[in-house]
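Asks: Got a structure for you, written out below as structure tokens; questions coming shortly.
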Amino acid sequence: MSKIFIREIELSNKKDLNAFIDLPWEIYKNDPHWVPLLKMALKDLLNPKHPFYKTADVKAWLAYKNDKVVGRIMAIHNHTYNKHENNSVGHFGCFESIEDLEVAQGLVNVAAEFLKKKGLTSMQGPMNPGTNYECGLLIDKYDDAPQIMMTYNPPYYETLFNEMGFFKAMDLLAYNISPDIKLPQIIVDIAARTEKKSKVTYRTVDLKNWKKELEIIFEIYNSAWEANWGFVPMTKAEFDHTAKDLKAIVDPTLIQYAMVDGKEAGFILALPDLNQVFKTIPSGRLGPVAIFKLLTAKSRINRARVIMMGVKKEYRKMGLETLLYKNLQVSIQQNSRIKNVELSWILETNVEMNKPLIRMSGPAYKRYRLVEKAL
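Here it is in structure tokens:
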């Protein structure tokens with residue numbers, strides 16, 4: 035019988051960190067749809083000095099079978115989340131495992147024990163490491179590569195979590211919009227009425243005033259998402275850290291504001307899908323060739339993903355969501371490179387966001403799941 039051993043590691047230890055980061059290259063070595071991320075980006079996210087960890091306690095473990103690394107997990111006690119939600123939920127993330135229930139259960143058990151000692155009553159995930167980052171378990175459409183900052187996993191992960199007694203906490207939906215989609219007349223009519231009634235205007239971002247634009251987006255984002263299930267307000271330091279490299283890759287035509295009385299009331303922000311470039315850097319290492327590919331990436335990327343969207347709470351029920359969707363559709367029709375845009379993720383319970391998207395593109399084309407279990 036094979037011996038399974040779970041070892042707590044220190045992410046500040048170079049050897050431990052490398053073993054933790056390198057595991058997916060083994061798990062997905064035969065999966066043509068997996069996208070290897072840049073290892074330097076993963077190291078940045080897992081760095082204890084990252085702003086996220088100023089308000090979170092984390093522990094990480096590796097699983098070994100026959101002296102080989104076969105699994106990993108991180109347990110996360112997010113103080114900001116529990117204070118905002120007034121609950122006692124712990125999170126887990128960075129989960130990877132071979133198709134072995136004993137390995138997966140061993141990892142979940144040590145994470146659960148850590149969270150239980152913190153006084154938490156349930157564990158939820160996967161969060162990598164929170165809802166403002168990559169999160170969710172892919173539960174369908176495994177034959178398509180993930181877009182930038184979206185998760186991917188083998189089909190057997192869902193089975194493992196079901197067998198370990200986890201239940202669905204929330205599904206996160208992804209929609210696909212292509213330039214050749216004809217807008218339904220109801221969308222056109224709603225947009226026209228809203229524009230006329232509320233005197234809505236639009237503008238794109240001004241890259242010359244990028245710092246100011248980020249401040250506006252930060253304000254709208256935290257206001258728009260404040261009451262959403264699972265939302266964790268981003269600190270300014272956290273937002274700035276996440277956004278620091280965006281200017282180099284943004285396409286101004288894919289970032290738009292809806293203005294009401296001259297004030298920014300909502301926004302939609304799409305990024306070129308850098309995963310199309312990362313896919314061509316299988317090692318995940320940023321060598322000279324990889325740097326060249328990134329510097330010349332824009333001309334080769336034909337997909338984009340809406341990573342942020344929001345309407346301030348005082349402007350809700352005005353139909354601004356529909357207007358932003360419509361304007362995005364117009365923008366991609368005018369953009370000769372972009373062939374489709376993914377809007378993700380959206381809570382399955384968010385009717386105001388989902389309804390116009392279903393009218394435009396049909397049902398969600400991908401589904402991600404956050405699972406939960408009592409401690």
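Reading the sequence shown from the start, the letters are residues 35 to 409 in the working numbering.
In this text, a Cβ means the ideal position worked out from N, Cα and C, and glycines have one as well.
Which residues in the same chain as leucine 2 place their Cβ atom closer than 8 Å to its Cβ, once the five residues preceding and following it in sequence are excluded?
Replies: With the chain running from 35 to 409 in the structure shown, residue 2 is simply not present.
Asks: Excluding the 5 residues flanking aspartate 174 on each side, which residues of the same chain have their C-beta closer than 6 Å to its C-beta?
Replies: So the qualifying residues of the chain are Arg401.
Asks: Leaving aside the five residues before and after glutamine 367 along the sequence, list all residues of the same chain whose C-beta is less than 7 Å from its C-beta, in chain order.
Replies: Only Pro213 meet the Cβ criterion.
Asks: Anyone know if the C-beta pair for methionine 204 and leucine 381 falls short of 8 Å?
Replies: Taking 8 Å as the Cβ cut-off, methionine 204 and leucine 381 qualify as a contacting pair.
Asks: At the level of alpha carbons, what is the spacing between aspartate 279 and tyrosine 115?
Replies: Those two C-alpha atoms are separated by around 25 Å.
Asks: Spell out the partners DSSP gives valine 375 in its beta bridges.
Replies: For valine 375, which the question treats as bridged, DSSP gives the partners Ile211, Ala338.
Asks: For the beta strand (DSSP E) containing leucine 303, name the first residue and the last one.
Replies: Leucine 303 -> beta strand (DSSP E) spans 297 to 306.
Asks: Where serine 235 and valine 222 are concerned, what is the direct C-alpha to C-alpha distance, given to the nearest angstrom?
Replies: According to the sequence displayed, residue 235 carries threonine and not serine. Between threonine 235 and valine 222, the C-alpha separation is close to 16 Å.
Asks: Quick check on this structure: which residue in Ala331, Lys48, Ala261, Ser317 has the alpha carbon closest to the alpha carbon of alanine 282?
Replies: It is Ala331 whose Cα lies nearest to the Cα of alanine 282.
Asks: Less than 8 Å between the beta carbons of methionine 157 and leucine 409, yes or no?
Replies: Taking 8 Å as the Cβ cut-off, methionine 157 and leucine 409 qualify as a contacting pair.
Asks: Got a sec, what are the start and stop residues for the beta strand (DSSP E) methionine 108 sits in?
Replies: Start and end: 102 to 112.
Asks: Three Cβ pairs or more, each shorter than 8 Å: is that satisfied between the segment 326 to 342 and the segment 189 to 203?
Replies: Contact fails: fewer than three Cβ-Cβ distances are below 8 Å.
Asks: Mind pulling the alpha helix (DSSP H) runs of 4 or more residues that sit fully within the segment 186 to 263?
Replies: As far as the segment 186 to 263 is concerned, its whole alpha helix (DSSP H) runs of at least 4 residues are 190 to 197, 219 to 232, 244 to 259.
Asks: Kindly give me the distance between the Cβ atoms of leucine 96 and alanine 53, rounded to whole angstroms, as I take these residues to be in contact under 8 Å.
Replies: Between alanine 53 and leucine 96 the Cβ distance is about 6 Å, and since that is below 8 Å, they are a contact.
Asks: When the distance is taken between beta carbons, is tryptophan 379 closer than 8 Å to alanine 208?
Replies: Going by C-beta atoms, alanine 208 is nearer than 8 Å to tryptophan 379.
Asks: Looking only at C-alpha atoms, which of Tyr176, Phe273, Lys242, Asn81 sits nearest to tyrosine 255?
Replies: Among Tyr176, Phe273, Lys242, Asn81, the Cα nearest to that of tyrosine 255 belongs to Phe273.
Asks: Grab the span of the beta strand (DSSP E) containing methionine 183 for me, first residue to last.
Replies: Taken as a continuous stretch (DSSP letters only), methionine 183 belongs to no beta strand (DSSP E), as it is neither H nor E.
Asks: Tyrosine 291 CB to nearest chain B CB: under 8 Å?
Replies: The question asks about chain B, but that chain is absent: this structure has only one protein chain.
Asks: DSSP puts glutamine 290 in a beta bridge; with which residues?
Replies: DSSP lists Thr238, Ile302 as partners of glutamine 290.
Asks: By the DSSP assignment, the beta strand (DSSP E) with valine 284 in it spans what residues?
Replies: Here valine 284 belongs to no beta strand (DSSP E), and DSSP marks it neither H nor E.
Asks: Taking the straight line between their C-alpha atoms, what separation do you get for lysine 48 and lysine 351?
Replies: Those two C-alpha atoms are separated by around 50 Å.
Asks: Expressed to the nearest angstrom, what Euclidean distance is found between the alpha-carbon atoms of glycine 127 and alanine 94?
Replies: Distance between the alpha carbons of glycine 127 and alanine 94 is about 9 Å.
Asks: Express the C-alpha separation of glycine 159 and leucine 71 in angstroms, rounding to a whole number.
Replies: Straight-line Cα distance between these residues: approximately 20 Å.
Asks: Rounded to the nearest angstrom, what separates lysine 202 and leucine 404 at their Cα positions?
Replies: Taking the straight line from one Cα to the other gives about 6 Å.
Asks: Here's the rule: buried if 16 or more other CB atoms are within 10 angstroms of the residue's CB, otherwise exposed. What is alanine 304?
Replies: So alanine 304 ends up on the buried side.
Asks: Measuring CB to CB, does asparagine 309 end up less than 8 Å from isoleucine 211?
Replies: No, they are not a contact pair.
Asks: First and last residue of the alpha helix (DSSP H) that includes tyrosine 98?
Replies: Here tyrosine 98 belongs to no alpha helix (DSSP H); instead the beta strand (DSSP E) covers 90 to 99.
Asks: So, arginine 337 versus aspartate 307, is the Cβ gap smaller than 8 Å?
Replies: Yes, they are a contact pair.
Asks: Is the CB-CB distance between threonine 287 and serine 365 below 8 Å?
Replies: Result yes, Cβ atoms of threonine 287 and serine 365 sit closer than 8 Å.
Asks: Would you mind reading off the limits of the alpha helix (DSSP H) that contains methionine 387?
Replies: Residues 385 to 395.
Asks: Drop a sphere of 10 angstroms on the beta-carbon of threonine 276, count the other beta-carbons inside from all chains shown, and report buried for 16 or more, exposed for fewer.
Replies: Buried.
Asks: So, helix, strand or coil for methionine 74, using DSSP?
Replies: In this structure, methionine 74 counts as helix in the three-state DSSP scheme.
Asks: Pull up the distance between the alpha-carbon of asparagine 369 and that of glutamate 376, whole angstroms please.
Replies: Between asparagine 369 and glutamate 376, the C-alpha separation is close to 15 Å.
Asks: Name the two residues that bound the continuous beta strand (DSSP E) containing phenylalanine 86.
Replies: From DSSP, phenylalanine 86 is part of no beta strand (DSSP E); its letter is neither H nor E.
Asks: Does the beta-carbon distance from valine 103 to leucine 57 come in below 8 Å?
Replies: Yes, the Cβ-Cβ distance between valine 103 and leucine 57 is below 8 Å.
Asks: Could you check the C-alpha separation between isoleucine 110 and lysine 152 for me, to the nearest Å?
Replies: Cα-Cα distance, rounded: 10 Å.
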